[in-house]
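Please read the structure below before turning to the comments.
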Amino acid sequence: MPRDIPIGNGNLLVAFDKDAILREIYFPYVGQENHTKGERFRFGVWVDGIFSWIPDGWRIERNYLDESLVTQIILEKKGLRIESNDLVDFEANIYLKKITLENQTDQQQEIRLFLGQDFHIYGTEVGDTAAFMPETNSLLHYKNERYFLINVFANNKFGVDLFATGNKETGNFVGAWKDAEDGILSANPIAQGSVDSVLGIPLIVKPKSKECCFYWIAAGNNWQEVKNLNKLIIKKTPAVIFKRTFDYWKSWVNKESSDNLPKKIQWLYKRSLLICRTQINN
Numbered sequence: 176m177p178r179d180i181p182i183g184n185g186n187l188l189v190a191f192d193k194d195a196i197l198r199e200i201y202f203p204y205v206g207q208e209n210h211t212k213g214e215r216f217r218f219g220v221w222v223d224g225i226f227s228w229i230p231d232g233w234r235i236e237r238n239y240l241d242e243s244l245v246t247q248i249i250l251e252k253k254g255l256r257i258e259s260n261d262l263v264d265f266e267a268n269i270y271l272k273k274i275t276l277e278n279q280t281d282q283q284q285e286i287r288l289f290l291g292q293d294f295h296i297y298g299t300e301v302g303d304t305a306a307f308m309p310e311t312n313s314l315l316h317y318k319n320e321r322y323f324l325i326n327v328f329a330n331n332k333f334g335v336d337l338f339a340t341g342n343k344e345t346g347n348f349v350g351a352w353k354d355a356e357d358g359i360l361s362a363n364p365i366a367q368g369s370v371d372s373v374l375g376i377p378l379i380v381k382p383k384s385k386e387c388c389f390y391w392i393a394a395g396n397n398w399q400e401v402k403n404l405n406k407l408i409i410k411k412t413p414a415v416i417f418k419r420t421f422d423y424w425k426s427w428v429n430k431e432s433s434d435n436l437p438k439k440i441q442w443l444y445k446r447s448l449l450i451c452r453t454q455i456n457n
């Protein structure tokens, strides 16, 4: 299947489908060890008691922010606008998603975002573990020497409050993602075998106002490595990680002047350089 709007740093490559749903996570080499097997990392939205998965009924735009390896995904439905800006840190093996909610109505909205993690580590679902880690207040997926820590920053605090782990693709089990559809998660703390997880982010958005939150996946070869990456995000803050990566790629793609080219060709040239970089190992 073709993939869109890739982002990466030469060690960690993330790509999406036509509906802007995450489908590929390659680590630690570009093009090897796809830890999703192409399955969906679902994104669901609960608004005042009504739930829907992306893309059901949503208008979707996919693009990049100019001159940078940061996505600009716009989702719109019935008075709610969501902008998702995704990036992979230029240096650390961190996938970061900034989510901005805009309430376009005259009524306050109670919103819960649900993000699913459907890892198939080393390209297979056999022998995976998904667990809630109280030490970091995060979720963790791991197998052998591949670890993926998932965490959030919302409502001015770090940590996952709403979550579930579960079994999938075996017997009658479809996955923990199904648990999100009533807007409430079971908080089951661990699952082993063929597993997935889902987390929730509750937000209150006032009329004609915006709220922002961050979600990330830290990739590493052991627990200490991903724990240190999580500490890095907390210390620097997600906003600083976001800005430093945006600025890095803007500087990188403008190392050589292209002012002698027509504007449209300049844009295409720079965008091509950035996308090609995501496909090259360090």
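In our numbering, the protein residues as written are 176 to 457. A virtual CB, placed ideally from N, CA and C, is assigned to each residue, including glycine.
Open item on the list: Please classify residue 313 as buried or exposed, where buried requires at least 16 neighbouring CB atoms within 10 angstroms.
Closed with: Residue numbering aside, residue 313 sits at position 138 when the sequence shown is read from its first letter. So residue 313 counts as buried.
- [ ] For my contact list, residue 387 and residue 275 are in at a C-beta cut-off of 8 Å; report their separation, rounded to the angstrom.
- [x] For the purposes of this step, residue 387 is taken as the residue at position 212 of the sequence shown. For the purposes of this step, residue 275 is taken as the residue at position 100 of the sequence shown. Going by Cβ atoms, the distance from residue 387 to residue 275 rounds to 5 Å, so yes, they are a contact pair.
TODO: Give me the Cβ distance between residue 277 and residue 385, rounded to the nearest whole Å; I'm assuming they're in contact under 8 Å.
DONE: Here residue 277 refers to the residue found at position 102 of the sequence shown. Here residue 385 refers to the residue found at position 210 of the sequence shown. So it is a contact: roughly 5 Å between Cβ atoms.
TODO: Indicate whether residue 401 and residue 324 have their beta-carbon atoms separated by less than 8 Å.
DONE: The residue given as residue 401 occupies position 226 in the sequence shown. The residue given as residue 324 occupies position 149 in the sequence shown. Result yes, Cβ atoms of residue 401 and residue 324 sit closer than 8 Å.
- [ ] Compute the Euclidean distance between the alpha carbons of residue 181 and residue 370, then round it to the nearest angstrom.
- [x] Taking the first residue of the sequence shown as 1, we reach residue 181 at position 6. Taking the first residue of the sequence shown as 1, we reach residue 370 at position 195. Taking the straight line joining both Cα atoms gives about 25 Å.
TODO: Let me know the secondary structure DSSP gives residue 440 once reduced to three states.
DONE: Your numbering for residue 440 matches position 265 in the sequence shown. Reduced to three states, the DSSP call for residue 440 is helix.
- [ ] Take the Cβ of residue 305 as the centre, count every other Cβ of all protein chains shown within 10 Å, and call the residue buried at 16 or more, exposed below.
- [x] For the purposes of this step, residue 305 is taken as residue 130 along the sequence shown, with counting starting at 1. Classification for residue 305: buried.
Open item on the list: Suppose contacts are defined by Cβ-Cβ distances below 8 Å. Is residue 405 in contact with residue 393 by that definition?
Closed with: By 1-based counting over the sequence shown, the position of residue 405 is 230. By 1-based counting over the sequence shown, the position of residue 393 is 218. Against a cut-off of 8 Å, the Cβ pair of residue 393 and residue 405 comes out as a contact.
Open item on the list: In whole angstroms, give me the CA-to-CA distance for residue 204 and residue 283.
Closed with: Taking the first residue of the sequence shown as 1, we reach residue 204 at position 29. Taking the first residue of the sequence shown as 1, we reach residue 283 at position 108. Between residue 204 and residue 283, the C-alpha separation is close to 45 Å.
Open item on the list: In this structure, how does DSSP classify residue 349 when only helix, strand and coil are distinguished?
Closed with: Sequence index remark: in the sequence shown, residue 349 carries index 174 (1-based). Strand.
Open item on the list: With distance defined between alpha-carbon atoms, name the residue in 268, 266, 229 and 263 nearest to residue 256.
Closed with: The count along the sequence shown starts at 1 and reaches residue 256 at position 81. Nearest neighbour of residue 256 by Cα position, chosen from 268, 266, 229 and 263, turns out to be 229.
Open item on the list: My assumption, with CB atoms under 8 Å, is that residue 297 sits in contact with residue 318. Please give the rounded CB distance.
Closed with: Walking along the sequence shown from the start, residue 297 turns up at place 122. Walking along the sequence shown from the start, residue 318 turns up at place 143. So it is a contact: roughly 6 Å between Cβ atoms.
- [ ] Would you mind sorting residue 445 into buried or exposed? The rule is 16 or more other CB atoms within 10 Å of its CB.
- [x] For this step, residue 445 is matched to residue 270 along the sequence shown. By the neighbour-count criterion, in which a residue is buried when 16 or more other Cβ atoms sit within 10 angstroms of its Cβ, residue 445 is buried.
TODO: Can you tell me which of 254, 213, 423 and 398 puts its alpha carbon nearest to the alpha carbon of residue 232?
DONE: Taking the sequence shown and counting its residues from 1, the one referred to as residue 232 is at position 57. Considering only alpha carbons, the answer is 254.
- [ ] Give a yes or no on whether the C-beta atoms belonging to residue 341 and residue 350 are separated by under 8 Å.
- [x] Stepping through the sequence shown from its first residue, residue 341 is reached at position 166. Stepping through the sequence shown from its first residue, residue 350 is reached at position 175. Closer than 8 Å, so yes.
- [ ] Enumerate in chain order the residues of its own chain whose CB-to-CB distance from residue 436 is below 7 Å, with the five nearest sequence positions on each side excluded.
- [x] In the sequence shown, counting from the first residue as 1, residue 436 sits at position 261. Cβ neighbours of residue 436 beyond the five flanking positions: 444.
Task: residue 329, buried or exposed, once every other Cβ within 10 Å from all chains shown has been counted against 16 - done: Within the sequence shown, the letter at position 154 stands for residue 329. Buried: at least 16 other Cβ atoms inside 10 Å.
Open item on the list: Does residue 379 come out as helix, strand or coil in the three-state DSSP assignment?
Closed with: Residue 379 sits at position 204 when you count from the first residue of the sequence shown. Strand at residue 379.
Task: Delimiting residues of the beta strand (DSSP E) encompassing residue 367 - done: Taking the sequence shown and counting its residues from 1, one reaches residue 367 at position 192. Residue 367 -> beta strand (DSSP E) spans 365 to 368.
Open item on the list: Give the list of continuous beta strand (DSSP E) stretches no shorter than 3 residues that lie fully inside the stretch 190 to 233.
Closed with: 197 to 201, 218 to 222 and 225 to 228
Task: CB contact check: residue 369 to chain D, cutoff 8 Å - done: Here chain D cannot be found, since the structure has a single protein chain.
Task: Nearest residue (CA-CA) to residue 374, options 454, 425 and 359 - done: Translated into positions along the sequence shown, residue 374 becomes position 199. The candidate whose alpha carbon is nearest that of residue 374 is 359.
Open item on the list: By DSSP's criteria, residue 449 is part of a beta bridge. Which residues make up the other side?
Closed with: Within the sequence shown, the letter at position 274 stands for residue 449. Residue 449 is not bridged to any residue.
Open item on the list: Suppose you measure from the CA of residue 438 to the CA of residue 391; what does that come to, to the nearest Å?
Closed with: What you label residue 438 is simply residue 263 of the sequence shown in a count that begins at 1. What you label residue 391 is simply residue 216 of the sequence shown in a count that begins at 1. When rounded, the distance between both Cα atoms is 34 Å.
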